Every structure is written in C-alpha cells, then in structure tokens.
Amino acid sequence: MTDSTNTNPAIENYLLEERSFEPSDQFKQNAIIKDAAIYETADKDYLKFWEQQANQLHWFKPFDKVLEWNLPFAKWFLGGTLNASYNCLDRHVNNGLKDKIAYYFEGEPGDKRSMTYGELLDEVEKFATVLVSLGVKKGDTVAIYMPMILELPVAMLACARLGAAHSVVFGGFSASALSDRINDAESKVVVTADGGFRRGVVVPLKDNVDEAIKSSPVVESVVVVKRVGDKHPVTMLENRDYFYHDLMSQVTERIGAVEVDSENLLFLLYTSGTTAKPKGIMHTTGGYLTQVAFTHKAVFDLHADSDIYWCAADIGWVTGHSYIVYGPLANGATGVIYEGTPDFPDKDRWWSIIEEYKVTILYAAPTAIRTFMKWGIEYLKKHDLSSLRLLGSVGEPINPEAWMWYRENVGLNKCPVVDTWWQTETGSIMISPLPGITKTKPGSATFPLPAIGAEVVDDTGKKVTLGGGYLTLTRPWPSMLRGIYKDPERYQQTYWSRFDQRYFAGDGAKVDEEGYLWLLGRVDDVMNVSGHRVSTTEVESALVDHSAVAEAAVVGANDATTGQAIIAFVTLKSTESASPEKGEELRAHVAEKIGPIAKPKVIIFTEDLPKTRSGKIMRRLLRDVAEGRNLGDTTTLADPKVVEEIKQKAALNTSED
Ligand code: PRX
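Going by the working numbering, the sequence shown runs without a break in its numbering and finishes at 646.
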C-alpha cells in the first residue's frame, strides 16, 4: 500500500470548500424522508431497521432470522424465500400498475419505445420460457452481452425469474474479455444482439461473441436480438445461434416466478481488482433487493407515482444493475433508458431527452458533467430543464467546481445534489446525503446512510475523526457482496485482511470538522477512468502480451475531464524500435484484449523502468513523471529526457519498497 493517498493539489482544494446548501423548505416538506431521527433509530438497532426494509418486499415465505454473520461471510434474511422478478413485476401488476410505464426507451438513432409493467412482465415470462427451452435452470449462470436496449433488463429479469444468475458483460468489453468472463462463470447460454449503436456506428456484438466462443467451448447456445438488422448482418450457426424474435414467437407457455432462497445467487458482475484477473462479485437475492429498493427510494426521494427517473449509466456496470433495473423496478418507478452517447447527433442529446420525457431525477457520473462543462452551457440553454428536481452523482470523486456547475446549470439552483459513494462490491449506495435532511457541501458525499457504518482509519486501523486515511465499513449490510466467485480466499484477503473486523474499500477519504466524508479516490492499483474501474495490472498484462513488449508499467494520472487517464510506460524488446505506429499498435492491442475503455491515453517508451531493490515497479514515481509532463492525446515517442527524468527521480527516491 505504498502507492497511497492522492496528493493532487486539486483534490486538496476540495477540503477548503466552505459553501454549503440546506434543502429548501419546499423540498423538505414533500420529502419521503424528512425526519433525521432515522439515523438514530437505525443506529440503535440496525438489524431491526433492515428487517423493516426487507418487509417492504414480497416474500413467498417470511424469513426467520435477519443476519448470520461469520466475518467475513454474511447471510441475510435466512429461511425466507422470494423472487426478484416477482418483486419487480408481478407484484406491481397485481397491485393495479399493469398499465404504468416501466421504461421509456430512446435509441441512439432516434427510435422510441415504451414498455408498461404489464408488457415487461409478459416479455420476461416468455423469455424465461425460452431460457428453459435452452436448458437453463436454477443455479446456472447466463452471460448477457448487449447494448442498452429493453431486451437487456428483460434477459436479466428472465434469469432471476428462474433462479438462474446473470453475468452481464459490458458491451464495450472485447471478445477476449468476454471469453474470460464466460469461462469463469461457466455460462452455457449467451444473450446478445447483432449490434448496438454508438455515435452512429455499429458495435458488432454478435461478431465479438463468435470470436469469444472460439476460446469458450462451454457455450452451447446464443440468443441474438435483432437491433441493427441490415446495417450489420451476422452469421448464425445452426443449432447454436437463434434469433430472439424467432424463439419468442414460438412461446406458448409462460413461466411463473420460481421461489428461491434469500441467499440464492442473483448475479455475478466482474470488476477489476489489483491483479490481472477480474473478480466475479457475487450478489444474492433478498439482501440485495432490500437495500437497492430502500436506497433508491430514500436517496433519490422517489415519488413513484409522479417521478420520471433517468440513470444515465450503462446496465453493464453495477450502477445500471442497481439503479436502472432492480431498485427502480422494485419501487414501481418509471425510468428512461437511452442507448447512445451524449454527443449524438449533437451535444445537447441529454438535455433534449430530459425535456422530452420531463425527467425529474437525473443520476450521472462526474466525467459526464465535466465534459458538459467543457462543451458549454449553450447546449443546455436550448432546452427546458425545469422538470428536474433532484440530481445525483456517482462513480468517482466530484470536484466542487463540477458539483456547483451541475447544481447551477442543470439543476437551475433548485435541485439538491446527492453525491453517492458505493462500489460493485457494496451493491447499493452507502454514503450519500438524504436530500430532504442533509446540508450538502460541494464535493462531499457527506455521511453514511442510516444503518451503515463507515469510518476513516489510519494506517494502523485507528479511527480518524479529523483528517485523512482509509475508508472502511464497520458493519455488514444486506447488499454486501457474498464473495468472489470460486475464490473465497481472495475475498477474505482483498477486503477483510487489511484492517481487523473492517471491510477495506480501497479508497482514501478525509473527515472534516463537521464529520463530513470527502472521498479522495483509490489507494490501490485500481484506476478510475471516466467512472470506470480499470486495473493497472490488467492493462500491464495486456501490454506484455504483445510480442514487441519486454516490460510495461501502467499508472493513472490525474486528468481534468476523465478523473484519471491511463499512462503506460513501455520497454520494448531489443529487436524492436519505438515509433508512433508502434504506440498505436499497442493501444489497439489493449483494446482488443480488454476493451476501448482500457486503452492507454499515452504510451511512453523508456529503456528502463524504475524499480525498488526488491524489483517492484515504482509506480508513484512514474505517476509523478506522468503528471509532471504535459501529456497530449497522442503516443509519446521514446524520449531520452523521460528516461533521464525517471532515473534522476529514482536516484532521489529509493525508499518505495
Ligand atoms: O473509488 C471509488 C469510486 O468508484 C469505486 C467503485 O467503482 P465501481 O465498483 O465500478 O462502482 C462504481 C459505481 C458505484 C470506488 O471504490 N467511487 C464511486 N462512487 C464515488 C467514488 N469515488 C468518489 N465519490 C463517489 N461518489
């Protein structure tokens, strides 16, 4: 943990922030949660608090014990049986919400569609039948690799309906990354689309699946949703590949929701850790659904009968799982799903969507906000954003400047801003304001939510009441990961060994005089690029996989727009020579191994990499070098000055062992 807390002066400036914002009287009056006593009540008996929240769900059989905690292994709501898809669909349809819109869909090319709760249930029941016909049963894991179209939540809920787990792989990942995830989860069925639209170009998802299957012999069937049609024809292999629409048109029978144990695996979601191998994070049914439903209602002040809620994340990441699919549907909300990028066909696409659907709640990442700041407010000015009443932020630290811009220009100075801290592993929001109660400060995620124990500790594990340290969680919570798929050892080691009795989040944080928490970014070898987690070691191993590379070291350097940018220091084999073309080739190679999000922004060729006496690459030094340079958007050539600089710095700094 030597490469530790961020010393970026821009981040230090957050802590001098003195502005604060109380919720308006009007917001307070109508808020779902307006009594601050909730914190105290939940604190006194957190198990009772979660029991009450769990009882908001539909259980086939009530649970008889709230928690069994054998640190670090938790079981929540023991003895209870339920079904996530029943809770998200049947329950609402049975309660008279059949004709309520569950999702408005806006495709990137401009096509529109909507689906009521009744229609969504119908589609999910049918697709569950299709999955059964392909041999899927309770306990299986289905891989889903799709664009942001309505069939994606349909596929997820159909798995949940059967008690099978889904493993959604973000559509921006490469064939090779997809294959690794299919193999680890042993998914016999893959649900995909012929392609998806991104900035007007087709992303060839089915082609990627074909490529992935070459190294994933476990796959028996592929279901293909037609999204792009003639724009990108696909090859279909007989007795393996089936069009979604063909299979659905043959369905006569409907599958009811299968009763599953509270601890039945709901999904796997792979995320980057500090090693080259992504971790399959396990989430189970009862606890996960309890906490996503509660936090979605409490943090976004969801008034399900009047709000139009838009989470602009991709369902391929945890934000989409929890706050596009499970949380909103469990609460009977109406949501918007948008397929494409914010700048297609023009840079006002988001604002036109907000105006068109009269979106009231927007949940987005700081990188998007900083990009909009760069583009300028003229794009916002073209549209009526007055329907908005609450704004959320997630995925990375939000600098006060971006927070203020969001509040003033998107929220027109009337919307509370909730900065929400959480992780794939936590499943739900853990640290965030409650918008009807909390006085917010630009750049601070404020306090742990009711019933959540979060503390900052120093290197020795002692609680810090003022100043900086490591963020830890002190109590189990219902939507906590249940482990890393097939690797309990790594689960214990990664999260529960650094500090006694505490979950180590991997983030640095500071506490101010009023107890507010300020998240400072990762303290391990995980980078956060545009709110996406990318592991330095994963990118390094993709680089050394290239035949020209002898050695590589990757660091995340601070970047004004994307939070961090990936900078790679590469030593080529002696037979190779550095050139801009070689840099491009290496970047393309990383995109092929992992996906475009992992492409280094800059590749710096060096003759040597600075190492400690024990052979560890001195990343902090490399980061200093990267941040001290004016790094353009291109590959940097072999530069004797860089090597010299690294050498000089290494000479001054040999203690990083
Ligand atoms: O470093 C923290 C950062 O994102 C990491 C979790 O990434 P992931 O599992 O991909 O989930 C992202 C969406 C929940 C955290 O360890 N992070 C997330 N939210 C915030 C944040 N950093 C600062 N402030 C936040 N609000």
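For glycine and all other residues, C-beta sits at the position ideal for the given N, C-alpha and C.
As the structure is a computational prediction, the values presented were derived from the model and not from experiment.
#### Entry: When Ser376, Asp196, Ser417 are compared against Lys403, the one with the closest alpha-carbon
Ser376
### Message
For the structure I just gave you, are there three or more beta carbon pairs, one from the region 486 to 501 and one from the region 267 to 287, closer than 8 Å?
### Response
no
### Task
Just the C-alpha distance for Asp34 and Val55, rounded to the nearest angstrom, thanks.
12 Å
### Query
Taking 8 Å as the CB-CB limit, is Ala147 close to chain B?
Given the protein chain composition of this structure (a single chain), no chain B is represented.
### Any residue whose CB is nearer than 7 Å to a heavy atom belonging to the ligand PRX, listed in chain order
Thr260, Trp306, Val307, Thr308, Ser382, Val383, Gly384, Glu385, Pro386, Ile387, Asp408, Thr409, Trp410, Trp411, Gln412, Thr413, Glu414, Ala434, Ala494, Gly495, Asp496, Leu508, Gly510, Arg511, Asn517, Gly520, His521, Arg522
### Query
Going by alpha carbons, who is nearest to Gly442 out of Gly425, Glu574, Ala20, Leu36?
Leu36
### Message
Starting from Ile592, trace the beta strand (DSSP E) in both directions and tell me its first and last residue.
### Response
591 to 594
### Query
In three-state DSSP terms, what is Tyr315?
helix
### Message
Could you give the first and the last residue of the continuous beta strand (DSSP E) run that contains Arg102?
### Response
101 to 105
### Message
Can you find the residues in the same chain that come closer than 7 Å, C-beta to C-beta, to Pro439, ignoring five residues on each side of it along the sequence?
### Response
Ile27, Tyr28, Ala31, Phe38
### Query
To which residues does DSSP link Asp408 through a beta bridge?
Ser382
### Task
Report the partner residues of Arg511 according to the DSSP bridge assignment.
Asp496
### Endpoints, beta strand (DSSP E) assigned at Leu460
456 to 462
### Query
CB Pro405 to CB Pro424, shorter than 8 Å?
yes
### Query
Identify the residues that DSSP records as bridge partners of Met516: which are they?
Val523
### Query
Thinking C-beta only, is Leu257 closer than 8 Å to Gly269?
yes
### Task
Please classify Glu367: does DSSP put it in a helix, a strand, or coil?
helix
### Continuous alpha helix (DSSP H) stretch holding Ser238: start and end
233 to 238
### Task
Answer yes if the region 295 to 312 comes into contact with the region 358 to 368, meaning at least three C-beta pairs across the two stretches below 8 Å, and no otherwise.
no
### Query
In three-state DSSP terms, what is Asp199?
helix
### Distance between Ile202 and Leu620 (C-alpha atoms, nearest Å)
Residue confidence for Leu620 is low, a pLDDT of 48 falling below 50, so the modelled location carries little weight; the figure read from the coordinates is stated next. Approximately 38 Å, taken between the alpha carbons.
### Other residues of its chain near Thr429: CB distance less than 7 Å, five sequence neighbours each side excluded
Ser9, Phe10, Pro405, Val406, Pro422, Thr435
### Message
In this structure, how does DSSP classify Ser210 when only helix, strand and coil are distinguished?
### Response
strand
### Query
Per DSSP, what kind of secondary structure is Gly68 in: helix, strand or coil?
coil
### Query
Helix, strand or coil for Trp394 per DSSP?
helix
### Query
Helix or strand or just coil, what does DSSP make of Asp373?
coil
### Message
Counting beta carbon pairs with one atom in the region 281 to 301 and one in the region 117 to 131, are three or more of them shorter than 8 Å?
### Response
no
### Query
How is the alpha helix (DSSP H) around Asp14 delimited, first residue to last?
14 to 19
### Cβ-based burial, Asp513 [other Cβ within 10 Å; buried from 16]
buried
### Complete beta strand (DSSP E) runs within the region 266 to 300 (minimum length 3 residues, chain order)
268 to 273, 297 to 300
### Task
Please name the residue in Leu46, Cys148, Leu123 whose C-alpha comes closest to that of Ile133.
Cys148
### Task
Can you grab the Cα-Cα spacing for the pair Pro317 / Val180, in whole Å?
23 Å
### Query
Do you know offhand how far Asp597's Cα is from Lys266's?
26 Å
### Query
For Gly472, which three-state DSSP category applies?
strand
### Task
On a CA-only basis, which of His234, Tyr93, Ser204, Leu254 is nearest Lys475? Give me that one, please.
Leu254
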